[in-house]
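In what follows, a single structure is set out as structure tokens and then discussed.
In structure tokens:
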């Protein structure tokens, strides 16, 4: 049986959605197959292991996320507007589909992740922190690297609180505070 790009995309879409909603430990190949409208054998033919599948998911997520950040940079030279764009991406992920960002879900499960996925998570996190640090530096704020780390931590925490409570107000409060810090 030939593996089509459409089938691969459906499998990756389903695995990403499940990982963002339930975490790495919260789904199986059977769950991915069911969600994608595929058979278990089609998923297994495409990816030998869950780690291989999640590395493919992370690779695609990474490309898409940083393409979004590049589009934000292309739209505006104002670092405060870039931070707003970043926070809009985070908020959209939570509000549309009740999902956490993929990196945040993987960070929460770091102790049980296979090495390859932990490395992907670390690389992604470092790149996001570097991007945020650049924005804080352009705002001429002291300690931009520290501000970048706390920005990401606050947003991830706000997403978690909002998801648990079922109310986006916690994330919105964090976003408002970050905007005030950037002003």
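Numbering (the numbering used here), first residue to last: 383 to 565. Heads up, the beta-carbon is just placed ideally off N, CA and C, and yes, glycines get one too. All of these numbers come straight from a predicted model, not from anything done at the bench.
Top-ranked residue by Cα proximity to residue i, from the options
i: residue 483; options: 544, 457, 564 and 517; result: 544
i: residue 499; options: 537, 406, 514 and 447; result: 406
i: residue 471; options: 538, 439, 401 and 562; result: 538
i: residue 463; options: 385, 521, 398 and 527; result: 521
i: residue 475; options: 491, 460, 453 and 447; result: 447
i: residue 396; options: 412, 473 and 504; result: 412
i: residue 480; options: 386, 385, 404 and 389; result: 404
i: residue 490; options: 386, 433, 557 and 542; result: 542
Delimiting residues of the alpha helix (DSSP H) encompassing residue i
i: residue 442; result: 432-457
i: residue 538; result: 526-547
i: residue 558; result: 551-564
i: residue 410; result: Taken as a continuous stretch (DSSP letters only), residue 410 belongs to no alpha helix (DSSP H), as it is neither H nor E.
i: residue 508; result: 497-520
i: residue 490; result: 484-490
i: residue 471; result: 461-477
i: residue 428; result: 422-428
Assumed close pair residue i, residue j - CB separation to whole angstroms, cut-off 8 angstroms
i: residue 518; j: residue 530; result: 6 angstroms
i: residue 550; j: residue 477; result: 6 angstroms
i: residue 417; j: residue 399; result: 7 angstroms
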